[in-house]
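**Q**
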Amino acid sequence: MNDASSEGKDGLIMSGQQAAKEQAKENMKRGRYDELKGILEERRREIMSEVQGRMRDVRAEGAGSAVQGVLDAAESSELDIQDEIEFALIQMKAETLNKIDEALRRLEEATYGYCFECGEEISERRLRALPFAVRCKDCEEAREVKQQRDRLMAQRRGAASLFIDMQG
Ligand SMILES: [Zn+2]
């Protein structure tokens with residue numbers, strides 16, 4: 078009894094954020110940690126170079142059209158739309174980068190790569206295809222089935238309440 082409580086005290090002193098992190102990393106299999114980190118960092122590099130490429134393209138196009146100088150209204154509005162699409166794409170990539178950074182943070186805390194529903198490890202194959210998956214394949218499929226059922230139920234309820242509203 079005394080032994081147990083003194084152990085508890087030591088545990089409390091040790092439990093800084095750093096200690097918790099170290100413990101979390103130990104708990105996760107080393108190979109898997111490296112693998113997941115590799116997946117995320119590879120994705121990060123890909124997106125970074127894509128964004129940089131796009132930004133270069135936008136700048137190059139901008140310079141080109143300035144030299145051309147004479148664009149009729151239709152052409153220039155088309156360019157604006159293209160710029161807007163480019164901008165939207167870059168913004169989307171930036172959001173993905175944020176998600177990757179967050180996933181890397183979660184990986185450090187050893188909360189990345191586990192199913193949100195059942196707590197099992199999400200397979201590396203699945204994470205490679207879907208780096209932001211929060212559920213394992215089984216739970217995701219079960220969830221989709223449930224969602225479909227819920228939608229159907231909601232539709233039926235909606236139809237029923239509409240009928241009641243019309244009567245009232
Ligand atoms: Zn699961």
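Using this note's numbering, you'd call the opening residue of the sequence shown number 78 and step up by one each time.
Glycine included, C-beta positions come from ideal geometry on N, C-alpha and C.
Predicted model, so just to flag it, every value in this text is computed and none were measured.
Taking 7 Å as the cut-off, is the beta-carbon of Arg212 closer than that to any non-hydrogen atom of ligand 3?
**A** Ligand 3 is not part of this structure, which contains only ligand 1.
**Q** Output the boundary residues of the alpha helix (DSSP H) element that contains Arg205.
**A** The residue labelled residue 205 in the question sits at position 128 within the sequence shown. Where Arg205 is concerned, the enclosing alpha helix (DSSP H) stretches over 201 to 206.
**Q** Quick check on DSSP: helix, strand or coil for Glu194?
**A** Taking the first residue of the sequence shown as 1, we reach residue 194 at position 117. If DSSP states are grouped into helix, strand and coil, Glu194 belongs with coil.
**Q** In chain order, what residues of the same chain lie with their CB nearer than 6 Å to the CB of Arg226, ignoring the 5 residues before and after it?
**A** Here residue 226 is taken as the residue at index 149 of the sequence shown, counted from 1. Cβ neighbours of Arg226 beyond the five flanking positions: none.
**Q** Helix, strand or coil for Phe209? Go by DSSP, reduced to three states.
**A** For the purposes of this step, residue 209 is identified with residue 132 of the sequence shown, where counting begins at 1. Note: Phe209 maps to coil in three-state DSSP.
**Q** Let's test the definition: count the other Cβ atoms within 10 Å of the Cβ of Ile199 and tell me whether it reaches 16, buried, or not, exposed.
**A** Position 122 of the sequence shown, counting from 1, holds the residue named residue 199. By the neighbour-count rule (16 or more Cβ atoms within 10 Å), Ile199 is buried.
**Q** State the Cα-Cα distance for the pair Lys214 and Gln159, rounded to the nearest angstrom.
**A** Looking up residue 214 in the sequence shown gives position 137. Looking up residue 159 in the sequence shown gives position 82. Roughly 38 Å between the two C-alpha positions.
**Q** What's the C-alpha gap between Gly115 and Ile167?
**A** Locating residue 115 in the sequence shown gives position 38, where the first residue counts as 1. Locating residue 167 in the sequence shown gives position 90, where the first residue counts as 1. Roughly 23 Å between the two C-alpha positions.
**Q** So Leu113 packs on Tyr189, CB below 8 Å; how close in whole Å?
**A** Within the sequence shown, residue 113 is the residue found at index 36, counting from 1. Within the sequence shown, residue 189 is the residue found at index 112, counting from 1. The pair is a contact, with the Cβ atoms about 6 Å apart (cut-off 8 Å).
**Q** Cβ of Glu172 within 7 Å of any heavy atom in ligand 1?
**A** Mapped onto the sequence shown, residue 172 falls at position 95. No.
**Q** Does the distance between the C-beta of Glu198 and the nearest non-hydrogen atom of ligand 1 fall short of 7 Å?
**A** Taking the first residue of the sequence shown as position 1, residue 198 is located at position 121. Glu198 Cβ: outside cutoff for every heavy atom of ligand 1.
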